[in-house]
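Novice:
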Amino acid sequence: MSGVAGAVKQAYTAVTQSQKIADLQRNTVDPEKFAKDRTFTTDFGVAVSNTDDWLKAANSYGTGPSLLEDHIAREKIHRFDHERIPERVVHARGAAAHGVFKVYDDKASKYTSAGVLTDPSRTTPVFVRFSTVQGSRGSADTVRDVRGFATKFYTEEGNWDIVGNDIPIFFIQDAIKFPDIIHAVKPEPKNEVPQGQSAHNNFWDFVGLQPEATHMALWVMSDRGIPRSFRMMQGFGVNTYTLVNASGERFFVKFHWIPELGVHSLMWDEAMKLGGQDPDFHRKDLEEAINTGAYPKWQFGIQVIPEADEHNFEFDILDATKVWPEELVPLQVIGEMELNRTVDEYFPETEQVAFCTSHIVPGIGFSDDPLLQGRNFSYQDTQITRLGVNWEELPINRPVCPMLNTHRDGAMRHRIVDSNVNYWPNRKEHFRPVPVAHGGYNEHPQKVQGVKERMRGKKFQEHFNQATFFLNSLTPAERLHLTNGISFELSHCDDPVVYETYTRLLNNVDFDFAKDVATIVGGIVPKTHARENHGKSTPTLSQTYYHPKVPTIKSRRIAILVGDGFDLAQVQALRAAFKAGSATTWLIGPNRGPVYPEGVAQGDVKNGVLADHQYEGQRSTAFDAVVIPAGMKSAQALARNGRAVHWVREAFGHCKAIGAIGEGVAFVREAAQLPGVEYATNLDSHDVVSSYGVVTVGKVNLSSIAADVLKISQSD
Ligand code: HDD
């Protein structure tokens with residue numbers, strides 16, 4: 016069994032329990048425990064003797080018409096015919112996991128009375144679903160898109176959902192525009208093209224004519240649109256919510272998730288290749304990390320503005336197309352979340368989970384954010400189409416606290432309430448509204464007066480300041496990726512009106528940026544500034560800001576590329592060292608069979624080492640780093656193999672870490688010929704040469720290799 020498979024088995028026995036997992040287990044069937052004799056039955060429980068042959072009026076040749084009277088066949092076919100439910104109208108493709116949430120202390124009680132945010136003795140079960148937005152359920156994971164980051168907290172006071180994204184802002188300000196932006200980004204109505212992409216006329220047409228989308232469009236075209244992993248994304252509640260403390264004081268709040276592993280992205284070339292090579296890359300990555308015990312973690316932070324300060328900012332704090340700069344509203348980290356259990360079955364958990372922005376608990380409230388107000392209607396509504404009116408009763412959706420009211424009936428009702436009253440007030444008081452003092456939800460009293468009209472606030476009219484702020488805050492590499500990302504997409508628009516309108520609009524963000532993009536895509540190259548760049552920036556919008564303080568290789572996938580004749584002791588030491596850093600290693604050989612170390616004869620299967628994969632079957636794109644160990648014959652075999660050479664060249668092109676030892680260095684130097692890289696040349700020297708992410712050394716001490724690997728992996 017390979018190292019990884021062993022770790023997987025171990026972790027399965029260590030999955031955590033929580034109140035929600037115990038609740039789900041009431042509905043979980045384990046065939047091994049459930050039916051001692053494992054009898055196969057119909058849905059109504061009668062034992063089935065044959066599930067392979069439809070009942071027939073058979074003639075002497077053993078053929079003949081199938082009979083409609085075969086109730087077993089009919090049941091099997093009719094159940095199959097109705098297996099599908101409507102996929103989510105957006106965020107159809109997703110992956111999810113269970114975990115727990117804890118706050119560090121009660122510091123947030125200044126702002127809120129919500130126990131989930133203030134009681135450090137609580138461990139709140141959570142279920143998190145990550146998703147892409149545009150593509151259908153069967154689309155690829157690594158497309159350029161926003162990622163959904165939806166968290167359901169099963170609190171003692173009921174379910175609280177933060178239905179967020181990996182980007183802190185949104186395309187539109189008012190919920191009434193949601194069908195427009197989604198129709199524009201989804202496959203075009205004439206030919207249903209493209210899938211999982213925003214690189215088409217309709218999307219750029221819409222965002223070019225709707226300037227409020229400019230800020231968000233830049234975020235999606237930046238590296239944020241192609242995350243390396245769900246586990247390496249920030250999460251944001253996006254909308255402005257409110258917190259209310261025990262004294263009845265109210266605060267505006269934004270919610271943040273900060274990943275322990277830092278924020279990392281794929282290269283665009285890598286993302287496109289992975290889309291074909293492994294369309295399930297992100298969902299497998301989440302599962303692999305949990306199964307190998309490298310549990311994904313996020314810190315939880317809040318930005319808080321006292322109610323009285325609502326209008327003291329140059330932007331409107333209820334406008335979801337704006338961030339709250341951390342220099343103005345500091346981020347306060349108050350807790351953390353860990354995901355530690357994969358789902359048992361995709362459909363009843365990941366597919367049937369239903370999030371609602373309107374799911375809040377006492378101490379948390381809404382604001383007049385016009386996007387949030389509309390969302391509060393939409394989510395509840397859409398679940399009825401997807402799941403039916405009794406969707407809150409489904410195991411994954413029901414709360415862990417008691418739930419009782421006068422709602423009754425409807426399709427697929429599961430609960431049986433043993434009470435003759437289903438109205439309030441009633442003579443029996445089997446259930447009754449609870450006063451606020453005893454935990455009933457309190458609507459914060461808010462003075463409202465106004466004129467009924469369709470309008471947008473004055474500060475909502477300004478759309479470019481923060482787009483420029485974001486652009487100014489990127490590192491040069493991030494800015495280059497953004498220029499290339501947006502240029503890739505606009506180049507896929509074949510209607511000149513579309514890319515000309517958009518490149519003209521970009522001049523409102525920054526003159527030089529607009530010139531760069533317009534030149535690449537053949538758009539309108541501006542001659543004069545449409546607006547001066549205000550020059551403001553912040554480190555907190557660059558994803559480099561979130562790199563862990565101590566770099567880590569936790570959960571990273573490392574390929575060890577070998578041919579026959581490799582140095583086995585070195586490979587074993589490397590694997591142990593990487594494992595100690597919680598990374599996974601994969602031995603990639605010429606075949607997925609035995610590969611023979613130095614000194615072992617070809618065909619000596621007993622002393623061969625099983626390769627986890629072969630050069631053709633797995634590409635460099637699926638790994639974070641590649642190492643070539645010593646071994647003359649192995650290095651020569653790799654040099655003769657075009658795919659092996661391509662492995663290293665491709666990894667270099669995608670800025671991956673590449674390591675080589677002894678003769679492995681010669682292979683990388685001579686065969687792969689990486690431009691500009693310097694190498695260790697003396698095979699007897701222990702001196703490490705590190706150049707452009709390529710780390711080479713002539714000789715390693717097996718006994719100190721773990722410390723060396725750690726040192727190298729923690730250096731920048
Ligand atoms: Fe939405 C799903 C995030 C605006 C209407 N949305 C959905 C999901 C996420 C978001 C993560 C998937 C939840 C899951 O995994 O099941 N949506 C956002 C964010 C928004 C946003 C961060 C901006 C702040 N959404 C938004 C608006 C509307 C909707 C303005 C409608 C007015 N969203 C929906 C929906 C979905 C949905 C149609 C489809 C499936 C579902 O709700 O359960 O109701």
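Just so we're aligned, residue 16 is where the sequence shown starts under the numbering used here, counting upward by one. C-beta: ideal position from N, C-alpha, C; glycine also. As the structure is a prediction and not an experimental result, all values here were calculated from the model.
Flag residue 298 as yes when its Cβ comes closer than 8 angstroms to any non-hydrogen atom of the ligand HDD, and as no otherwise.
Specialist: It does not: the Cβ of residue 298 is nowhere closer than 8 angstroms to a heavy atom of the ligand HDD.
Novice: Alpha carbon to alpha carbon, how far is residue 408 from residue 430? Give it in angstroms, no decimals.
Specialist: Going from the Cα of residue 430 to the Cα of residue 408 covers about 8 angstroms.
Novice: Taking all protein chains shown into account, decide if residue 108 is buried (16 or more other Cβ within 10 angstroms of its Cβ) or exposed.
Specialist: Label assigned to residue 108: buried.
Novice: By how many angstroms is the C-alpha of residue 201 removed from the C-alpha of residue 403?
Specialist: 25 angstroms
Novice: Would residue 311 and residue 354 be called neighbours here (beta carbons separated by less than 9 angstroms)?
Specialist: yes
Novice: At 4 residues or longer, and completely inside the segment 274-327: list those alpha helix (DSSP H) runs for me, N to C.
Specialist: 283-292 and 296-306
Novice: With DSSP run on the structure shown, which of helix, strand or coil describes residue 676?
Specialist: strand
Novice: Please report the straight-line C-alpha distance between residue 722 and residue 592, rounded to a whole angstrom.
Specialist: Spanning the two alpha carbons is a distance of roughly 8 angstroms.
Novice: Do the segment 560-575 and the segment 176-195 meet, that is, are 3 or more Cβ pairs less than 8 angstroms apart?
Specialist: no
Novice: At the level of alpha carbons, what is the spacing between residue 696 and residue 196?
Specialist: 57 angstroms
Novice: Please name the residue in 571, 629, 94 and 278 whose C-alpha comes closest to that of residue 607.
Specialist: 629
Novice: Quick check: is any heavy atom of the ligand GTP less than 8 angstroms from the C-beta of residue 144?
Specialist: Of the ligands one can find in the structure shown, namely the ligand HDD, none is the ligand GTP.
Novice: Please return the same chain residues whose Cβ sits closer than 7 angstroms to the Cβ of residue 350, not counting the five positions on each side in sequence.
Specialist: 116, 117, 118, 119 and 315
Novice: Suppose you measure from the CA of residue 165 to the CA of residue 320; what does that come to, to the nearest Å?
Specialist: If I take the Cα positions, the gap works out to 23 angstroms.
Novice: Note the first and the last residue of the continuous beta strand (DSSP E) segment covering residue 131.
Specialist: First-last for residue 131: 130-133, but that is the alpha helix (DSSP H), not the beta strand (DSSP E).
Novice: Quick check on residue 76: buried or exposed, where buried means 16 or more other Cβ atoms within 10 Å of its Cβ?
Specialist: exposed
Novice: When the Cα of residue 130 is compared with those of 172, 99, 148 and 647, which residue comes out closest?
Specialist: 172
Novice: Quick check on the burial criterion: 16 or more other C-beta atoms within 10 angstroms. Buried or exposed for residue 734?
Specialist: Since the first residue of the chain shown is 16 and the last is 731, residue 734 is not available in this structure.
Novice: Here's a check: name, in chain order, each residue in its chain whose Cβ is nearer than 8 angstroms to the Cβ of residue 224, leaving out the five neighbours to either side.
Specialist: 516
Novice: Please determine whether the Cβ atom of residue 640 lies at a distance below 8 angstroms from any heavy atom of the ligand HDD.
Specialist: no
Novice: When the Cα of residue 573 is compared with those of 707, 641 and 303, which residue comes out closest?
Specialist: 641
Novice: Residues in the same chain with beta-carbon distance under 6 angstroms from residue 718, minus the five sequence neighbours each way, listed in chain order, please.
Specialist: none
Novice: Sorted by chain position, which residues of the same chain lie with C-beta nearer than 8 angstroms to residue 489's C-beta, five sequence neighbours on each side aside?
Specialist: Here residue 489 has 237, 497, 556 and 557 as same chain residues with Cβ atoms under 8 angstroms from its own Cβ, once five neighbours each way along the sequence are excluded.
Novice: Buried or exposed for residue 537, please, with buried defined as at least 16 other CB atoms from any protein chain shown within 10 angstroms of its CB.
Specialist: Classified as exposed, residue 537 has fewer than 16 neighbouring CB atoms from the shown chains inside 10 Å of its CB.
Novice: With residue 606 as the anchor, note down where its beta strand (DSSP E) starts and where it stops.
Specialist: Neither: residue 606 is in no beta strand (DSSP E) and is coded neither H nor E.
Novice: Where does residue 707 land, buried or exposed, given buried means 16+ other C-beta within 10 angstroms?
Specialist: exposed
Novice: Which one of 335, 84, 627 and 618 has the shortest CA to CA distance from residue 476?
Specialist: Considering only alpha carbons, the answer is 335.
Novice: For residue 236, does the three-state DSSP call read helix, strand or coil?
Specialist: helix
Novice: Note the first and the last residue of the continuous beta strand (DSSP E) segment covering residue 704.
Specialist: 704-706
Novice: Does the distance between the C-beta of residue 230 and the nearest non-hydrogen atom of the ligand HDD fall short of 8 angstroms?
Specialist: no
Novice: For residue 162 versus residue 245, is the C-beta distance shorter than 9 angstroms?
Specialist: yes
Novice: Got a sec: does the ligand HDD put a non-hydrogen atom nearer than 8 angstroms to the Cβ of residue 136?
Specialist: For the ligand HDD, not one heavy atom lies less than 8 angstroms from the Cβ of residue 136.
Novice: So, using beta-carbon positions, are residue 545 and residue 523 closer together than 9 angstroms?
Specialist: In this structure, residue 523 lies closer than 9 angstroms to residue 545 by Cβ.
Novice: Does the distance from the CB of residue 110 to the CB of residue 239 come in under 9 angstroms?
Specialist: no
Novice: Closest to residue 126 by CA distance: which of 579, 379 and 412 is it?
Specialist: Checked all of 579, 379 and 412; the closest Cα to residue 126 is 379.
Novice: Could you say if the segment 681-701 and the segment 654-667 meet the contact criterion of at least three C-beta pairs nearer than 8 angstroms?
Specialist: yes
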